[in-house]
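Participant:
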Amino acid sequence: MTSKLDSPPPYEDAVHHPKSGNYPYQPQHDSHLPPPPSYSPGFTPSGMPTTIPTLTLWFCVCGQVYLILTAQLAVTFSIVAVFTFVDPVRLFVIRYPGIYWASLYYETKAVFLAMGITALVCVAVTIFCFQTKVDFTSCGGLLSIAAVLLMIIGIVTAVVLSFQYVPWLHMLYAAIGAVVYTLFLVYNTQLLIGNRELAISPEEYIYGALSLYVDIVHIFLFILQVSGSATD
-4 MTSKLDSPPP
6 YEDAVHHPKS
16 GNYPYQPQHD
26 SHLPPPPSYS
36 PGFTPSGMPT
46 TIPTLTLWFC
56 VCGQVYLILT
66 AQLAVTFSIV
76 AVFTFVDPVR
86 LFVIRYPGIY
96 WASLYYETKA
106 VFLAMGITAL
116 VCVAVTIFCF
126 QTKVDFTSCG
136 GLLSIAAVLL
146 MIIGIVTAVV
156 LSFQYVPWLH
166 MLYAAIGAVV
176 YTLFLVYNTQ
186 LLIGNRELAI
196 SPEEYIYGAL
206 SLYVDIVHIF
216 LFILQVSGSA
226 TD
């Protein structure tokens, strides 16, 4: 129930005198009302910065991505170490030419050299992505064209090398492949970091880890071909 003072005015009074009565309450323009609260960019009304959850989420996503990537690389290089240092396995691979050529088997020196160069490239790319202002996420079309050209060069190189092995041609193709996948590593790292034209969603951390893993493995394989040809 409501009191008489709180009840609305009659219909006739409300139609002919819409501002009469005390219902609904119409604030006057000259009334001293408190100003609306002011909000600073990046802060909530309580004064807490709104970037804290974003930064926390970003660190969680990056941590998950690099944790998965570390596990993938650890498993991969453990398998490489088995085929490199366990003599029965290494001799078994050498004994069968099909497995030998399918495994791209190289000397231990070349493998370690490729691993070291790949690690340096990955660290340099990560530091570069944090420091540079160049947005590589907007260059997806150019990277796709570079990948297609790399595939064409690879087919031509395979045809030529099947007739006669040309060391400099093999090393040139491997060097081009290492450069192309280094650019892909820059692209995918900036997608993970964010603050660019394109960025991956926090729910896509598995996709981010797989993308970085594929790029690093391809860089390692191409550098291994260069170092293996150089040490032969």
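Read in the working numbering, the sequence shown has 117 at position 122, and its numbers run on one by one without any break. Glycine included, C-beta positions come from ideal geometry on N, C-alpha and C. Here the structure is a predicted model, which is why all the values come from computation and not from measurement.
1. For the segment 137 to 146 and the segment 192 to 212, state whether three or more C-beta atom pairs, one from each stretch, are separated by less than 8 Å.
2. Relative to the C-alpha of Ser228, which candidate in Leu207, Leu156, Thr113 has its C-alpha closest?
3. For Ala194, which of helix, strand or coil comes out of DSSP?
4. Considering only the alpha carbon of each residue, which of Val75, Pro83, Lys128 lies closest to Gln185?
5. What is the DSSP secondary structure of Thr127, reduced to helix, strand or coil?
6. May I ask you to verify whether the segment 117 to 133 touches the segment 176 to 184, counting CB pairs closer than 8 Å and requiring at least 3?
7. For Tyr160, count the other beta carbons within 10 Å of its own beta carbon; 16 or more makes it buried, fewer makes it exposed. Which is it?
8. Round the Cβ separation of Leu187 and Ala105 to the nearest angstrom and send it over; I've been treating them as touching at under 8 Å.
9. Are the beta-carbon atoms of Ala109 and Phe215 separated by less than 7 Å?
Facilitator: In short, the structure shows the following:
1. no
2. The structure shown does not extend to residue 228, since the chain is modelled only from -4 through 227, so no value can be given for it.
3. As a working mapping, residue 194 is identified with position 199 in the sequence shown. Coil, per DSSP.
4. Taking the first residue of the sequence shown as 1, we reach residue 185 at position 190. Nearest option by C-alpha distance: Lys128.
5. The sequence position of residue 127 within the sequence shown is 132, counting from 1. It is coil, neither helix nor strand.
6. yes
7. The residue given as residue 160 occupies position 165 in the sequence shown. Exposed, by the Cβ-count rule.
8. Within the sequence shown, residue 187 is the residue found at index 192, counting from 1. Within the sequence shown, residue 105 is the residue found at index 110, counting from 1. Rounded, the Cβ-Cβ distance is 30 Å, inconsistent with contact.
9. Numbered from its first residue, the sequence shown carries residue 109 at position 114. Numbered from its first residue, the sequence shown carries residue 215 at position 220. Cβ atoms of Ala109 and Phe215: closer than 7 Å.
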